[in-house]
Ligand code: HEC
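Residue numbers (our numbering): 6 to 177.
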């Protein structure tokens, strides 16, 4: 008998459809619940990510003043400074015995910086350093503004500059 056998599956299909309706109602409710839970979790994750990103930014800001700090120079090495003097063509404009140069475009570095530093009320080393970095800050009497290159501050490293100042001020 095929019909009684056929009824049971028919009822089963109906039951399945009812279960499917329940499931169809329960699943969206569950999904909404999970979605709220997940979206809250997602917000927390975003907050942590922002905190993690802002942390390296603060580190970078902390590093910047640390790089600025070493700029006040330590005592330079006069022997190395002679090489800097020769490599940077200071001698093409300046007389300086220790370097063996006799040019007269700029002041004699054996005598003039000491005189001009006093005129300018500056310690000799600080005056020489400023004269190399900003030649126009003080113009030696009898000489013209804008002749000495103003690019040495970019050309020379902090160490090279300190060595150069040590060489020029050595024994003075
Ligand atoms: C193109 C020529 C020229 C070159 C190159 C040059 N200078 Fe000068 N320098 C001058 C002139 C001109 C002056 C004077 C005007 C002034 O004070 O800026 C001067 C001034 C100076 C002073 C100040 C002297 C004083 O008594 O006021 C110092 C120190 C000095 N130079 C050092 C150097 C050193 C170190 C170099 C190499 C890194 C150099 N110069 C390269 C032309 C030059």
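Ideal placement from N, C-alpha and C gives every residue a C-beta, glycine not left out.
- A check of alpha carbon separations from residue 169 across 142, 131, 147 identifies 131 as the nearest.
- Annotation for residue 98: 108, 110, 111 place their beta carbon closer than 6 Å to its own, counting only its chain and skipping 5 residues before and after.
- Remark: the C-beta of residue 129 is outside contact range of the ligand HEC, defined as less than 7 Å to any heavy atom.
- Set against 7 Å, the gap from the CB of residue 145 to the closest heavy atom of the ligand HEC is smaller.
- The alpha carbon of residue 165 has as its nearest neighbour, out of 81, 153, 18, 147, the alpha carbon of 81.
- Annotation: the continuous alpha helix (DSSP H) that includes residue 118 extends over 117-124.
- About 16 Å separates the CB atoms of residue 87 and residue 157; that is not less than 8 Å, and the two are not in contact.
- Closer than 7 Å to some heavy atom of the ligand HEC: that describes the Cβ of residue 141.
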